[in-house]
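So the sequence shown is numbered by the working numbering: it starts at 3 and just counts up by one.
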Amino acid sequence: MERHEREIEISGHDESEGYRRIKRTSIAFVEKMKIGDKPGVYAKEPGEGESFYGSYHAAHVLDLFGELRGRPSAELDAWADIFRRRQTETGYFSNRPDEDAGTRPPERLESVWHTTRGAIWALRVLGRRPERSMAFLEPLLSPRGLAEWVRTYDWTTAWAAANQVLACVTALHAQRDWFDDDRVDDAILNGLFPALDELADPETGYWGTQFGGGLLDGLFGAIHVAPIYFAHERAIPFIERNVDSTIACQRDDGSFWPGGSDCPDFDGAYMLLNLHRLTEYRRADVEAAARRYLQHAEKHEDPDGVGWLLHRRGSSPKDWKPRPHWIWKDGDRTVRAEHRDDDPSRTHIMLGTWFYPLSIALISMMLGDTGYEGPYRLHGASLHQKNVRVTP
Numbered sequence: 003m004e005r006h007e008r009e010i011e012i013s014g015h016d017e018s019e020g021y022r023r024i025k026r027t028s029i030a031f032v033e034k035m036k037i038g039d040k041p042g043v044y045a046k047e048p049g050e051g052e053s054f055y056g057s058y059h060a061a062h063v064l065d066l067f068g069e070l071r072g073r074p075s076a077e078l079d080a081w082a083d084i085f086r087r088r089q090t091e092t093g094y095f096s097n098r099p100d101e102d103a104g105t106r107p108p109e110r111l112e113s114v115w116h117t118t119r120g121a122i123w124a125l126r127v128l129g130r131r132p133e134r135s136m137a138f139l140e141p142l143l144s145p146r147g148l149a150e151w152v153r154t155y156d157w158t159t160a161w162a163a164a165n166q167v168l169a170c171v172t173a174l175h176a177q178r179d180w181f182d183d184d185r186v187d188d189a190i191l192n193g194l195f196p197a198l199d200e201l202a203d204p205e206t207g208y209w210g211t212q213f214g215g216g217l218l219d220g221l222f223g224a225i226h227v228a229p230i231y232f233a234h235e236r237a238i239p240f241i242e243r244n245v246d247s248t249i250a251c252q253r254d255d256g257s258f259w260p261g262g263s264d265c266p267d268f269d270g271a272y273m274l275l276n277l278h279r280l281t282e283y284r285r286a287d288v289e290a291a292a293r294r295y296l297q298h299a300e301k302h303e304d305p306d307g308v309g310w311l312l313h314r315r316g317s318s319p320k321d322w323k324p325r326p327h328w329i330w331k332d333g334d335r336t337v338r339a340e341h342r343d344d345d346p347s348r349t350h351i352m353l354g355t356w357f358y359p360l361s362i363a364l365i366s367m368m369l370g371d372t373g374y375e376g377p378y379r380l381h382g383a384s385l386h387q388k389n390v391r392v393t394p
């Protein structure tokens, strides 16, 4: 069996009515965001034009429900070309590939890691590969080089730092799987993991919180580090403290952010499923947290059945808190927080229509009696969908 086939997890359930409903709701928004007749061209949110993130997230939504299977090869090729043409000569992906044609050292990759990760994940679910290898990774293909690079980040903002590390590992996995580079696993096992183990906080089970970062930032960082451990079947450290911290991060209404927010809410659900698979510690509390989360997530479903709401039904701006989006400016080594998502005129984005059904899929896989069970398709090479392997 090929590596990529082993990475695909299909939840072992027939279609429930709840599954069929959230599938309809999710696909209805994807169809609403479609622009023109060319495959793969989507907006990110209503009123906007063609978007890299619209195309990327649409692929994930459709793949989650098995809707990419059976599509004509020419259609998938055309969709993949949207991402392929963003690849630069040295292999990373950029929103301005013509301007970024030169070599970038690791310290100048900050502004392109996220685009690189997104393009690779989209190509994974489309079953396609890029034209060029990841030559830009050369300085990070030794254990020492990779470890030193990880340690240069300011882990007081673990959410931002871990996001970059996950993107790097995504590119490293692509270099290994698509271009047969046998240096990758050695760099990760003997460079990355020792550095990450050092950064794990024994008090919280998260990464970087011992340097002054808050617990929520630690959670949002942890979900970008944990999938790397899962992908290499390596035990994450301080698992019981991770359980304590994740339960402590949940709000009384079941959400993980005031008013609800797609990234934080998915992050909480992702950890709940995987902690449930990893340990018996506080299992009843983890299951109760999962049920509270599901009740919250249901309130993000659009009442008209077209996508998922940015803020939960019944909430108003006074209930919301602007969420930081971490922005890496070209050439900067310090991240900047841009606060948004508190504009009441913005009600839906494509990311939420991926993350809310994905998080419901995770909780239904965990509990098995939610009414949302179904044949969800989780493509683990897209690391936000990489879970702990279940031992038969």
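Cβ atoms here follow ideal geometry from the backbone N, Cα and C, with glycine treated the same way. All values derive from a computational prediction rather than experimental measurement.
Given that a residue counts as buried once 16 or more other Cβ atoms are within 10 Å of its Cβ, and exposed if not, what is residue i?
i	result
Leu191	exposed
Val392	exposed
Ile12	exposed
Ser247	buried
Pro74	exposed
Lys46	buried
Asp102	buried
Thr117	buried
Gly220	buried
Gly56	buried
Lys388	buried
Arg119	buried
Thr105	exposed
Pro204	exposed
Ala250	exposed
Phe95	buried
Glu303	buried
Arg88	buried
Pro305	exposed
Pro260	buried
Ser347	exposed
Please look up how many angstroms separate the CB atoms of residue i and residue j, rounded, as I've assumed it's under 8 Å.
i	j	result
Gly215	Thr158	5 Å
Asp334	Glu112	6 Å
Phe268	Leu380	Between Leu380 and Phe268 the Cβ distance is about 13 Å, and since that is not below 8 Å, they are no contact.
Ile362	Ile24	6 Å
Thr27	Gly309	7 Å
Pro229	His386	7 Å
Trp115	Gln166	5 Å
Leu148	Leu201	Actually they are not in contact, since the Cβ atoms of Leu148 and Leu201 sit about 13 Å apart, beyond 8 Å.
At the level of alpha carbons, what is the spacing between residue i and residue j?
i	j	result
Glu7	Pro319	With a pLDDT of only 48 at Glu7, under 50, the local geometry of the prediction cannot be trusted, and no value is derived from it.
Ile37	Ser53	10 Å
Val43	Arg131	19 Å
Pro209	Leu353	As written in the sequence, residue 209 is Trp, which differs from the Pro given in the question. Answer to the nearest angstrom: the Cα atoms are 25 Å apart.
Arg134	Arg185	18 Å
Ile10	Trp151	30 Å
Met367	Gly382	15 Å
Asp156	Glu17	45 Å
Cys265	Leu143	30 Å
Leu274	Leu66	19 Å
Ile238	Gly370	25 Å
Met35	Pro48	7 Å
Arg315	Trp356	18 Å
His278	Arg293	13 Å
Arg126	Asp39	23 Å
Ser263	Arg325	8 Å
Ala173	Ala197	18 Å
Tyr58	Leu128	10 Å
Thr336	Glu19	47 Å
Ile84	Leu70	16 Å
Asp332	Ala164	18 Å
Asp254	Pro41	42 Å
Ile29	Asn97	26 Å
Pro107	Cys170	13 Å
To which residues of the same chain is residue i closer than 6 Å at the C-beta, ignoring the five residues directly before and after it?
i	result
Ala137	Thr92 and Gly93
Gln297	Gly256
Ala60	Val32 and Tyr44
Gly207	Phe240, Arg243, Asn244 and Ser247
Glu50	none
Thr281	Ile241
Quick one: residues in its chain with C-beta nearer than 7 Å to the C-beta of residue i, no 5 flanking neighbours on either side, listed in chain order?
i	result
His327	Glu340 and Arg342
Thr349	Leu311 and Leu312
Trp161	Asp219, Phe222, Gly223 and Trp328
His15	Glu375, Gly376 and Pro377
Tyr21	Tyr374, Glu375 and Gly376
Gln212	Asp203 and Glu205
Asp344	Pro319, Trp322 and Pro324
Who are the near neighbours of residue i in its chain, counting only those whose CB is closer than 8 Å to its CB and skipping five residues on each side?
i	result
Asp79	Arg130
Glu235	Arg391
Gln252	Phe258, Gly270, Ala291, Arg294 and Tyr295
Is the Cβ of residue i closer than 7 Å to any Cβ of chain D?
i	result
Leu201	Annotation note: the requested chain D is absent from the structure, which comprises a single protein chain.
I'd like the ranges of any alpha helix (DSSP H) spanning at least 4 consecutive residues and lying wholly in the segment 157-237.
Those alpha helix (DSSP H) runs which fall completely within the segment 157-237 and span 4+ residues are 160-181, 186-189, 195-201 and 217-233.
Taking only runs that begin and end inside the segment 273-356, name each unbroken alpha helix (DSSP H) of 4 or more residues, in chain order.
Within the segment 273-356, the complete alpha helix (DSSP H) segments of 4 residues or longer fall at 285-300, listed in chain order.
Alpha helix (DSSP H) runs wholly inside the segment 29-74, at least 4 long, in chain order
Along the segment 29-74, the alpha helix (DSSP H) occurs as fully enclosed runs of 4 or more residues at 54-66, listed in sequence order.
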